[in-house]
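The sequence shown begins at 1 in full-length UniProt numbering and counts up one residue at a time. Beta carbons are placed, not taken as given, at the ideal position from N, Cα and C, and that holds for glycine. Read the structure below first, then the notes.
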Amino acid sequence: MSGSGFSPGFRGRTHAFEGRLPPGQYPTESFPVLSAGPTPHLSTDDWTFTVTDETGGSRSWTWDEMMALPQQEPTVDIHCVTRWSKFDTRWRGVSLDVLLDGVDTAADYVVAESYDGYTTNLPLQDVTDGKAWLAHSFDGFALSPEHGGPARLLIPHLYFWKSAKWVKGLRLTLDNEPGFWESAGYHDYGDPWREQRTWSD
Ligand SMILES: Nc1nc2c(c(=O)[nH]1)N[C@H]1C(S)=C(S)[C@@H](COP(=O)(O)O)O[C@H]1N2
Ligand SMILES: [Mo]
């Protein structure tokens with residue numbers, strides 16, 4: 001197995017991730033931190049997660065109530081618009097299907113709202129049917145504050161700016177309401193496979 005000019009490790013990795021790297025991305029083993037502002041340090045004692053519908057009706061969970069819900073352990077690839085992708089990231093959390101279960105709504109959109117004031121908008125159908133989680137653990141440990149702990153959204157099929165850190169709730173909306181980065185020129189939807197980085201993509 002010599003003479004190819006490539007190390008066996010390099011060839012193996014490239015082969016294993018074939019078809020899993022969206023255009024314009026590079027794989028990384030590290031986990032960069034990207035935040036628009038300072039990291040909030042939140043206590044799980046004060047933490048709540050609230051789903052608000054378009055009529056103003058709402059449901060909230062305390063930390064303990066959320067942790068008592070059925071838990072899932074997704075292993076997924078994540079893709080940041082700054083061009084890094086990270087394969088096989090391991091999380092633990094609650095499917096948004098559980099948190100949205102029974103909500104009677106005419107809304108087609110949601111705005112994720114965070115404790116730091118960050119917002120990001122999503123079609124409702126992109127956070128249902130097993131595509132999105134409220135994640136509180138990463139790689140077997142409680143999610144660190146830098147990466148959005150106590151809990152963040154995990155929506156791996158869209159660029160990672162859609163995965164709101166320090167998330168405090170979802171607000172269902174009838175109309176699409178662009179969030180923090182979407183109002184600043186990032187793409188409204190953010191599909192990494194179609195390279196939807198900015199408005200003009
Ligand atoms: N609340 C909040 N969520 C956020 C951000 C932020 O600034 N505030 N940054 C977003 C961006 S642009 C990215 S790429 C990812 C980065 O997540 P990471 O720091 O865990 O890599 O979080 C997203 N979620
Ligand atoms: Mo980002």
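For the pair Asp-97 and Glu-18, the Cα-to-Cα distance works out to about 30 Å. Contact between the stretch 105 to 123 and the stretch 71 to 78 is absent: fewer than three C-beta pairs spanning the two stretches fall below 8 Å.
For the alpha helix (DSSP H) assignment, the uninterrupted runs of no fewer than 4 residues enclosed by the UniProt domain "Oxidoreductase molybdopterin-binding" (37 to 181) are, from N- to C-terminal side, 63 to 67 and 96 to 100.
When DSSP reads this structure, Tyr-186 sits in a beta bridge with Thr-198. If you check the C-beta of Ala-164 against ligand 1, you find a heavy atom less than 6 Å away. Trp-181 and Asp-191 have their C-alpha atoms some 14 Å from each other. Distances from the CB of His-79 to the heavy atoms of ligand 1 are all 6 Å or more. Counting C-beta atoms within 10 angstroms of its own C-beta, Ala-142 has fewer than 16 neighbours from the protein chains shown and is therefore classed as exposed. For Asp-116, the shortest separation between its Cβ and any heavy atom of ligand 1 lies below 6 Å.
Rounded to the nearest whole angstrom, the CA to CA distance from Leu-124 to Thr-105 is 10 Å. Listed as beta-bridge partners of Pro-27 by DSSP are Ser-85. In the three-state reduction of the DSSP assignment, Pro-192 falls in the helix class, which pools H, G and I. With respect to the 7 Å criterion, Gly-179 and Thr-82 are not classified as neighbours on the basis of their beta carbons.
For Pro-23, the number of other beta carbons within 10 angstroms of its own is below 16, and it is reported as exposed. In this structure, Asp-201 and Glu-195 form a Cβ contact; the two beta carbons are roughly 6 Å apart against a cut-off of 8 Å. A distance criterion of 6 Å places the beta-carbon of Trp-161 in contact range of ligand 1, judged by its closest non-hydrogen atom.
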